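Trainee: Numbered by our numbering, the letters in the sequence shown go through residues 90 to 221 in order. Every residue, glycine too, gets a C-beta built ideally from N, C-alpha and C. Just so we're clear, the structure is a prediction, and the values are computed from it rather than from any experiment.
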Amino acid sequence: MHSSARLFNCARCRRQAVICRHCDRGNQYCGSHCARTARTEAQRLAGRRYQLGRQGRFAHASRQQRYRLRQQQKVTHQGSTPVACDDLLICSTGRSPSASPHRPANVQSQIVCHFCRSRAVKFLRLDFLRRP
Ligand SMILES: [Zn+2]
Ligand SMILES: [Zn+2]
90 MHSSARLFNC
100 ARCRRQAVIC
110 RHCDRGNQYC
120 GSHCARTART
130 EAQRLAGRRY
140 QLGRQGRFAH
150 ASRQQRYRLR
160 QQQKVTHQGS
170 TPVACDDLLI
180 CSTGRSPSAS
190 PHRPANVQSQ
200 IVCHFCRSRA
210 VKFLRLDFLR
220 RP
């Protein structure tokens, strides 16, 4: 039985991975190694965030206050001059993990699921399976 598969970029190592319909559970990682590593990294991050949470909130609050003060000064001193760039706005230009993966242009006819190694793949999807 041939079924479709999904082509995606591993959320951790950014390698292309193919997953067949049978194995697809909305996976984001190319294999069990990346999934496991990502999980431990997430746990470590969560622990660090818990420790720094209080500190971080204070730092953020004071930064917000400084920003607001600066904005007020700009308004009073420069009138209606538009603010082109501010350090708080730069963060939004970072690459998002949901960036579209490469198009499967040069994918050969023989496509193998990276999880079960079966050759039961006829065509590739770039979107997730829709489940009811
Ligand atoms: Zn990976
Ligand atoms: Zn599979």
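Does the contact criterion of 3 or more C-beta pairs under 8 Å hold for the stretch 97-116 versus the stretch 199-210?
Mentor: Enough Cβ pairs lie closer than 8 Å, so yes.
Trainee: Give, in chain order, every unbroken run of the beta strand (DSSP E) that is at least 3 residues long and sits entirely within the stretch 101-169.
Mentor: Counting only runs of 3 or more, we get 105-109.
Trainee: Using the three-state DSSP reduction, which class does ARG192 fall into: helix, strand or coil?
Mentor: Taking the first residue of the sequence shown as position 1, residue 192 is located at position 103. Because the pLDDT at ARG192 is just 49, under 50, the model does not fix this residue reliably, and the value given afterwards should be weighed accordingly. In the structure shown, ARG192 sits in coil (DSSP, three-state: anything other than H, G, I, E or B).
Trainee: Do the stretch 145-152 and the stretch 118-131 touch if we need at least three Cβ pairs shorter than 8 Å?
Mentor: No, the stretch 145-152 does not touch the stretch 118-131.
Trainee: Got a sec: does ligand 1 put a non-hydrogen atom nearer than 6 Å to the Cβ of ARG128?
Mentor: Looking up residue 128 in the sequence shown gives position 39. Not under cutoff, so the answer is no.
Trainee: Under 7 Å, do ARG133 and TYR118 count as touching if we go by C-beta distance?
Mentor: Taking the first residue of the sequence shown as 1, we reach residue 133 at position 44. Taking the first residue of the sequence shown as 1, we reach residue 118 at position 29. No.
Trainee: Could you tell me the distance, in whole angstroms, from the CA atom of ARG214 to the CA atom of PHE97?
Mentor: On the sequence shown, residue 214 is found 125 positions in, with the first residue counted as 1. On the sequence shown, residue 97 is found 8 positions in, with the first residue counted as 1. So the alpha carbons of these two residues sit roughly 9 Å apart.
Trainee: Relative to ligand 1, is the shortest distance from any of its heavy atoms to the C-beta of ARG104 smaller than 6 Å?
Mentor: Your numbering for residue 104 matches position 15 in the sequence shown. Indeed, a heavy atom of ligand 1 lies less than 6 Å from the Cβ.
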